[in-house]
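Residue numbers (my numbering), protein chains in the order written: chain B, 1 to 332; chain X, 1 to 805; chain U, 1 to 278; chain H, 1 to 211. Below is one structure; the comments refer to it alone.
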Amino acid sequence: MAVIRDMIPPCELFQPASIGDALNLLDQYGENSWVLAGGLDSFDWFKDRIKRPEAIVDLGGIEELSGIRADGDGLVIGPMTSLTEVATHPDIVGRFGLLAQAAEHVATPQIRNQGTLGGNLAQDTRCWYYRGGWPCYRAGGNICYASAPKAMNAEHCVFGASRCVAINPSDTAPATIALDAQMVVTNSSGETVYDAEDFFIGPGIDIERMTVMEPGDLLTAIRIPGTWAGADFYFEKIRDRQSWDFSLVTVASAMRTSGGTIQDARISVNGVAPYPMRLDEAERAVIGQAPTDDIGVAAGDIAIRRAQPLRHNAYKLPLMKNLVRRAVRAEV
Amino acid sequence: MAEKAIGRDIAPPDLRAKITGRARYAEDFRAEGMLFAKLLLSPMPHCRVRRIDASAALAMEGVVDILTADDPLMPEITGVAAEAALTNEPLYEGEPVLAVAAVDETTAADAIEAIRVDFEPLPFVVDPLDSLRPGGPNARLDGNIQWREGQTREIREFKWTDEDFDAAGPDRLPMGEAQVEWNVGEVDDGFADADLVLEETLLHQSLSHHPMEPRSVMAYWQNGKLYLHTSTQSTARTHAGLANRLGMDQSDVVLVTEYCGGGFGSKISGAPINDVAAIMSRKTGRPVMLRINRYEETYIGRARPGFQSFAKMGFRNDGRVTAIDLYIVQDAGSYGSSGDFNTAGTVASLCYQPEHMRFRAVSVYTNTPPRSAQRAPGGAQIVAMLEPIMDKAARELGIDRLDIRRVNAPGHDGWLGPAQGTMSSCFAREALDLGAEVFGWEERTQLSATRRGTKSIGVGIGISPFVGGSRGMDGLLVIRPDGRLYIHQGIGNLGTHSIADTARAACDVLGMEWDDCEVVWGDTSRNLPWSSSQSGSQTTHAHTRSNHAAALDAKAKLQEIAAGALGGSPDSYDCADGRVFQTANPGRGMTFAEAARRAIDMGGRYSGHELPDDLNPMTVASATNLAGEGLMGVARDNYGGDGSIWSWVMGFAQVEVDVETGQIDLTEYTGVTDCGTVLHPRSLAAQIHGGAVQGFGQARSQKWVFDPQWGVAFAKRLYTARPPGILDVPLRMRWAAVDEPDPQTPVGAKGIGEPPIGAGAAAIASAVADALGGQCLCRTPLTTDVVLAALTGTEQPYRPLETHV
Amino acid sequence: MELWRRAANPWNQEVLIGISFDLMWAALIAGVVFVTGHALWVRSLATANGHGDDAPAPPGLPARILRHTFSARAFHWLMAISMFALLVTAFFPWAGIQFPWVTIHWLAGVLLILTVVYHIIHSTFWQDFWSMWVGRDDVETAKREVKRFFGKEQPEGPKAAKYPLDHKMYHHAIVVVTFAAVATGVLMMFRVDTWFWARNPYILSDAMWGVVYVVHGLSGVALISLVIAHIYFAIRPEKWWITMSMFNGFVNRKEYLEHHDPERWAGDGPQGQLPEQT
Amino acid sequence: MTEVEIIRDRGPRNYSRRKFIKGVIAAGATVSASSYLFRGPGVLTAGQARGGVERLMTLTVNGQQRRVDVLPYETLAMTLRYKLGLTGTKLGCDRAECGACTVHIDGVTHYSCSMLTHQVRGREIRTIEGLESPDGELHPVQQAVMDEGGFQCAFCAPGFIMSMAAFVEDNPSASRAQCAQALSGNLCRCGDYNKILDSAERAVELMGQRA
C-alpha cells in the first residue's frame, strides 16, 4: 500500500436528525453508505482510500442516539455517547464501574472525547495486514497473510481463528459481555435485540464483519441490565504504551461474593480472539469457590486450555491466564 | 555589570512564537498560485520501473504536471549509493518514484491513483544475515556492501560460507570474513588473563527517527532565485548542500528554515525530497507545496541502523575488563554509508578501556528505508547492548555494578578506537560518583529484585559517552548603531535552544545584557555564517567557540575605536553594559552605539569591508552583504585543541516489572552529565531527559516491523511504531551535571545532544534485567511480550537474531 | 457481469483471486433453464419415442437384474453426500447464509477424494472399467439421436450396455470437473491448518494461486449445473427405474430388456453375468 | 538498464532556462489564505446530492464568525490550516496518533485532523491562536510555558498547550499525575515530558492565582 493517496476521496455527507432518516439513507445507498460515529476508525479507511463510500451518514445530529438514561434498575446508553461521558457518568461509575473503567482505558483523552461507545464496540480489527489494504479474507480475498509461516503476528489471536487470525480490539466490548448487556440493532424492517455475547461474531460466521450488523443496520441502544449493578468488578488492559495502544490482552469481570465464596461470575477477555470471549468454563470453575490465588490459577488454566498460538504470540497464554487469575484474586 | 548570560535559565527568543502558533514551519507557508505535489511511492521493496502511464492522470482537470526520475531538470546525483529524490529502481518499499502537481491536494491524490506504473520486481532482502548467506539475495543489483579502500568506494557482493552458518547454528551470530577489522593488543591474551569470560548474542533493532514535523517542503522561484521552505537541523549546511545538488550558485538559493520540528539526526543537511518541490516549481513556474505525511515520513525520514552482534568480554576478579571481542553485522538499509558500527566499536573501547580488543564488522545493505545518523549513532546501540553484560559480570564477580563501571571508566588520559586517540577532557568517574549520590544508588540497589506485590523492582545504570564537539567554524556578529548586538547563526533551530545558548558566548565576552542581544537565524537571505554540520553534538562546542572568537574580534575593534577616539592603548579599555570604557576610569568611554557609528565611518575591517582570509565563502558572502551596517565581529575559530571532544551521561533508572503481565513501570530516572561548563541549565535538563525518553522508546517500546515475505513495513504509523508517551516515563525525572569546564575550549562547554539517549536505553535495559533477577534478554525492544515470555518461561516470541519484528 | 475477481496484491500488482460471485448465479440459472427446457421438450415429444419391448426375453432371465452392487451404491451415496456438503459449504456463504463452513468443506473434500480413489480402484479391478466409456456403438447412437432430434427418421440403434450414452457423457463431464475441483482443492488444503500440516499460502505464487482459485471456482459452479441436471433426471418418471436401482441395486426384467442389450451387459452379478434363476 | 517509457497525453515540454525564469517572475511569495487544498466548485464534478450538507457554512473560530466553503469530506485541521490561515494547529500524523492538531470544540479537546468540519457546525472552536488575549496577554498556560522554558522543537507545542489549557481551566487544583493523564493524548518526540509537566504544574499555580 505504498502508493499513498492520503486524501479522503470525494463523497457526500449526510447529517440526518432522526434514526428513520438515517435508515432511509442507509437503504438508499446500501453497500455504498458508511455510518460515521466518532470517525476515528473511519477516517483511517477513507484517507487510505481503502474504503470509498459514496455517502457518509453522520449520526452526530441524532439526539436520541446519545445520552444515558435509567431503565428500570438498569441503564440504556445511546451508542453515540462519548467514551468520556461513559467513563465519567455517575450512574455508570457508581453502579457499572466496569464499563467506566473500560471506556477510560481507550486510547487517549481526545479520542475518548470524540469516540463513541457504539463506535468502540463496532470497530474493525487492527490487523496490520488487513489495515494495509492487503487482499486478505477479511477484505474479500482468499488468503490470511498474518498466519503465513513467517508472518508478523504477535498481536493476533490464539482462539477462534477461522482462516482469519485478527483480533477484536475493543476495550469496552468485554465489559459489555461481563455486564450481560444487550445491543439493540435497528434497520428499516425493525429492531432486533442481541445479547452482547452474540453481537460479536467470528470469521467462521462472517469473515468480513466483526459484529452481526450488516449494511443498513444501526446500533441504536446499549442496554445494561441491573443484574450486575454494584458487583465487584475487575478490568485490566495490557499494552506496551499507556496511551494510544490497543490492548494485547484485556480482561473484564463481574463477580458477586458472599460468605467468602463467589456466588456468580462473568469473565470476559479481549485481544485473544476475533471476538471478545466470555469464559464460561472459567466462570463455572470459580462459582462456589473462595476467590483465592489457587482458584484463580485453576480458572486461568481452564481459560487457556484450547488456545492455539501462532508463531509469535504464545506469550498471550500466560498473559491471559494471569489476567483471569488476577480477576479472581481481586475478590479477596 | 551585566550578569553573565552563560549558566542562567532564559526563555529562548523563539519561544513566544512557538507557543502562540505564530512560529512558521515549512508547511505553514503559502504563496499565490501554489500547487500541491504528491508522491507515488514504490509498493515493492526492490523493483524497476518499466513503464509509466500517466495519460489518464495528466488528462484530469486541475493536474498540472508530472516529475519523474528521468526528467531532464532533475539533478544528476552521482557517487556510490547516492540517493536521488525520485528513482526508477526503488530500493525499498515507499521510495518515491514520481510526483504529480495539481491545483489542490485531492486532485493530486486522484492523479496519483490514476497513474499506472509497471514495476518489475527484483530480488530483495530485509535481514542482513540472509544477504550474507551464499547465494542469498542482494539489496542492490551490484552487490550488498559498500567497500572502502583508501579513497575508493564501490558496491560489492560480500558473502559468508555455508560453513560459517553451520558452525554458528540458527541462534548464534555466524562470524565469517569481516569487512572491517581492527585490533588493540591481542584479544586472546586478554581472555587468557581473564577470571571471567562472558559471551552473548545480541540484537539491536533499527528504528525510525519520527520527528514530529514531517519533512514537508514548499518552493518557488523569483527572479531566478530559488526560495525553499523546509525543515532542517542545519541551515548553513543545508543551504550549501541544496545549491550543490541543484548545481546552483549558493547566492541563488534562499533557504528559509526558521523552525525545525525535530530532526534527531534525520534532517542534518536537508532531505533529497527537497529537490522535488524545487524542480516541480521550476517546471511549472508556480510555487509548489509538497506536504509529507506520516507514512511518507517513516519511509523517507531515515532510521537508526540495527545490529546483529556477538560480544565476548573478559574480566579480572576486580572487574577490570581485560578483553572485548565484538562482531557487528549492521543493517545499512537502502542508502547511505552509516558509520554506526565503527562508532560502536570506538564507544565500547572508550567506555571500558579494555586491555585488548578486537573489533569486526560488516555493514550490509537491505531493502529497508535509508539509514542515517540518529542521536548517538552507534553509541546508543552499543551501550544498550553491552551495559547489561557489565551487570552480569558484576553479579558473577560479586562486585557492585557501579564499581565495575568506575573501575573501567576512563580518566582524562583515556583512549578510544583503533588509533587509540585521546580526549580533550573526561570526567566520567566524577559523573558516576555524582550520579550515585543524586540517585541514591546504594539505598536503591538494596531493592534489587525485591517484590512489591506482583511487581519486581529493578535498578539499573547505563553509561553513555559520545562525541561532543568540533572546531574551526565561523562566527559573525554586528553591533549596530542602535547599540544592540546581532549575532548571526548559520546553525539551524532544531529545538535545542543552541541558536540562543551558543550566542551567549558572544554576549558575555562583550559584557552585554542578554536582552540587548538579538539572534539572527533561519533564513539565508539574512546573512548567516558557515556552521558546523549540527550532527554529533558539535554545535555547542563549535559555536560557543566561533561566537567567542567573533566577539573577541568585535571587542578588539571596540577597544581600538575607543582608544583611537579617547586616547590610551586599546588594552586599557574594557567592555560592559553596552559601553567600551577605560578600565581605570570607567567614565571615559563610549556606547556601543557610538562605536558602531564610528566603525561604519572608519570602514575597512571595522565595518566588515575587509575580512579575514580564513573564512568560509558562505561567511564571506554574508559578511560582505552586512558590511557597513555596524561594527562587525567576524572570525574563524582558530583556538585549536588536542584530541577529540567527548561528553558523558550516566543514566540511573528504577523500574517495577509486573511478573504476571510483563508490564514495565519506569518509576525513577536520573541523568548525570559531564558536558563541561553548563551553558543553560534548563535546556541541558531538557536534553538529558528528552534524550532519555527517546532511549526508553529505543529499549522498550518502539517497533520497526517488516513482513519477511513481502519486504513491506508495518510499523510505519505512530500507533504501530510506538514512541513513548507521557505516561510511559517517570512522572518526575532528575538530573545533575559535573559542571567542570573543558580546559581546551574558551567557554568550557561541550555538546550534549547525543549521550542522553544511550544512557536512557542502557539504564532501562539494565534495570529490567535486574528486576528479572539478572536475566539478560540481550535484545531491543523489551516489549511486553518479550519480557513476559522471559518471566513465565514461555517460548520467546522471536529468535535471538530475528530482526525487524 | 464480472467473470473474475481481481485484487491488488501487497505489491499493488493486480492478481486474479477467483471467479466472480455472479458465476454462481449464472450456473444456477443455467441449470434451471436446462431443466425447464428439457422438461418442455420432453413434454412436446410425449409419445414420439420409445423402444419397442416386444423382443423375446432370453431364457432364464431373472425377475430382477443387479445393476449396482452394494459397494457401488455405497460409493455413489457417499460421494453424493460429500458433494452436497461441498456445494452447500461452498456456496451458501456466497449467497449470504453465513456459518462456519471451512472445516466441513475440507473434510467433505477429503471424503470425496477417498470415495473417488475407491471408485477408481474398484472400477478398474472389480468392475468393467470400460462400461462407462464412450465406444464406437455410442458414437453411432449419438449420430442417430442427433439426426432424430432434427426430425430425420432413423432406425432403432443398438440398445445400451450397462450405461446409456447420456450417462456416459455426464460421467465424463463429472470426471473432468471433479478432477479439476479435487486437484485444486488439494492445493488449497495447504491454505488451511489441518491435523497434518500448518497452512502455508506461499507454496505457490499469487498469480498461480489465482489460477487455482479460478479453476476451483469454475469447477464448483459447473458442479452446480451438473448436480441440478443430475437430480432432475433422477426424479424424472421415465428415469425412475434407474434411480431406484441406485437405492436397491436392481432393475426389473422389463426395464432391463427395454433399455439394455443383454448381449452387451448381463448385469453386475457375482460372476459378471446374470444371476441364477431362483 | 530498462528503458523507462512515460506515457503522456500531451507532448513533452521544452524548458529552456530563460523561458522558465520568465515564467516564474510572476509567481510571487505573497502569503495568502486562499485555498488550493481542495478542489473548488469548478473542479468538483459530482453534483451535490439531495439532502447532503450545504458547503457554505459559518464557523465560530476563536470568537469570530468565519464564512467558509467546506467540502463534505474536509477535516477541520485542513479547513483551519488551509482555508482560515490558522497554521498554528499542526499536522504531525493526520491520524489521531500525535495530538499536534488538538483544538477545543466547546471547550473539549479534539484531534482536528480526525473530524469533519461539518461535524462542528454551530460549535465554538478554539485554536492556539485564540488563547492569547487580543491585548497580547498570554493565557496562564502559555505564561507557564514561558516561565518554564517551554518546549524543544515545539511542533507539538500548540497541541500540548491546547490540552493543558482545557484541563487546567476545568481542574484548577490538578496534581502532576492528573496533568500527565490529561496530556497523554499528545506526543512529544523531543521527549520533553518532564519540562511539559513542570509547565503544567506552573499553569495550575497560575490559574489558582488568577482565580
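Each residue gets a CB set at the ideal place from its N, CA and C atoms; glycine is no exception.
Item: Min CB distance K38 of chain X to chain H below 7 Å; Value: no
Item: Y234 of chain B - DSSP class collapsed to helix/strand/coil; Value: strand
Item: Start and end residues, beta strand (DSSP E) containing Q64 of chain H; Value: Q64 to D69
Item: Segment contact flag, the segment 450-458 of chain X with the segment 531-551 of chain X, C-beta cutoff 8 Å, min 3 pairs; Value: no
Item: Top-ranked residue by Cα proximity to A229 of chain B, from B:A178, B:S33 and B:L121; Value: B:A178
Item: Contact check, P276 of chain B vs N168 of chain B, beta carbons under 7 Å; Value: yes
Item: Reference F159 of chain B, options B:R326, B:V3, B:T176 and B:A314, closest by Cα; Value: B:A314
Item: Short CB-CB distance (under 7 Å) between G208 of chain H and chain B; Value: no
Item: Opposing strand residues paired with L198 of chain X [DSSP bridges]; Value: X:M313
Item: Endpoints, alpha helix (DSSP H) assigned at S42 of chain B; Value: S42 to K47
Item: is_contact[G50 of chain U, chain B] using C-beta, thresh 7 Å; Value: For G50 of chain U, the predicted model reports a pLDDT of 48, less than 50, meaning its position is unreliable; a value from the coordinates is still stated below. With 7 Å as the cut-off, G50 of chain U does not count as an interface residue toward chain B.
Item: Close-in-space but distant-in-sequence residues of the same chain around K90 of chain H (CB under 7 Å, 5 per side omitted); Value: A100, C101, F155, P158 and G159
Item: Distance, L78 of chain U Cα to L111 of chain U Cα; Value: 8 Å
Item: Segment limits, beta strand (DSSP E) that includes W710 of chain X; Value: Segment: none, W710 of chain X is in no beta strand (DSSP E) and carries neither H nor E.
Item: Nearest-angstrom beta carbon gap, A114 of chain X and K38 of chain X [assumed within contact, 8 Å]; Value: With 8 Å as the limit, K38 of chain X and A114 of chain X do not qualify as a contact, their Cβ atoms being about 12 Å apart.
Item: Opposing strand residues paired with T211 of chain B [DSSP bridges]; Value: B:F200
Item: Short CB-CB distance (under 7 Å) between I19 of chain U and chain B; Value: no
Item: Helix, strand or coil at A46 of chain H [DSSP, three-state]; Value: A caution first: A46 of chain H carries a pLDDT of 41, below 50, which makes its placement in the model too unreliable to give a value.
Item: Opposing strand residues paired with Q654 of chain X [DSSP bridges]; Value: X:V459 and X:E668
Item: Check whether V70 of chain H and N113 of chain B have beta carbons under 7 Å apart; Value: no
Item: C-alpha distance - I262 of chain B paired with G226 of chain B, whole-angstrom precision; Value: 19 Å
Item: Bridge partner(s) assigned by DSSP for P377 of chain X; Value: Answer is none; P377 of chain X lacks a bridge partner.
Item: Beta-ladder partner(s) of T109 of chain H, from DSSP; Value: H:H104
Item: Selection from U:A8, U:L23 and U:D22 that minimises the alpha carbon distance to F16 of chain U; Value: Per the sequence presented here, residue 16 of chain U reads as Leu, with Phe not at that position. With distances taken between Cα atoms, L16 of chain U lies closest to U:A8.
Item: Residue nearest to T298 of chain X in terms of C-alpha spacing, selected from X:I726, X:I600 and X:F706; Value: X:F706
Item: Candidates X:G671, X:R358, X:M733 and X:L494, of which the one nearest F151 of chain H by Cα; Value: X:L494
Item: Neighbour list for W41 of chain U in chain X, Cβ cutoff strictly below 9 Å; Value: Here the premise fails: no neighbours, minimum Cβ distance about 50 Å.
Item: Residues that S335 of chain B contacts on chain X, provided the C-beta gap is smaller than 9 Å; Value: Shown here, chain B extends from 1 to 332; a query on residue 335 of chain B therefore has no answer.
Item: Residue nearest to L75 of chain B in terms of C-alpha spacing, selected from B:G61, B:G216, B:G97 and B:T84; Value: B:G97
Item: Cα-Cα separation, V659 of chain X to A182 of chain H; Value: 28 Å
Item: As assigned by DSSP and simplified to three states, the class of Y194 of chain B; Value: strand
Item: Where the segment 792-805 of chain X meets chain B: residues whose CB sits under 8 Å from a CB there; Value: T792, T794, E795, P797, Y798 and V805
Item: First through last residue of the beta strand (DSSP E) which encompasses R51 of chain X; Value: C47 to D53
Item: Reference A144 of chain H; option with closest CA among X:F310, X:K283 and X:I19; Value: X:I19
Item: Contact belief for A109 of chain X with M7 of chain B at Cβ below 8 Å, rounded distance in angstroms; Value: 4 Å
Item: Residue closest to P140 of chain H, alpha-carbon to alpha-carbon, out of H:M164, H:G191, H:R66 and H:A174; Value: H:M164
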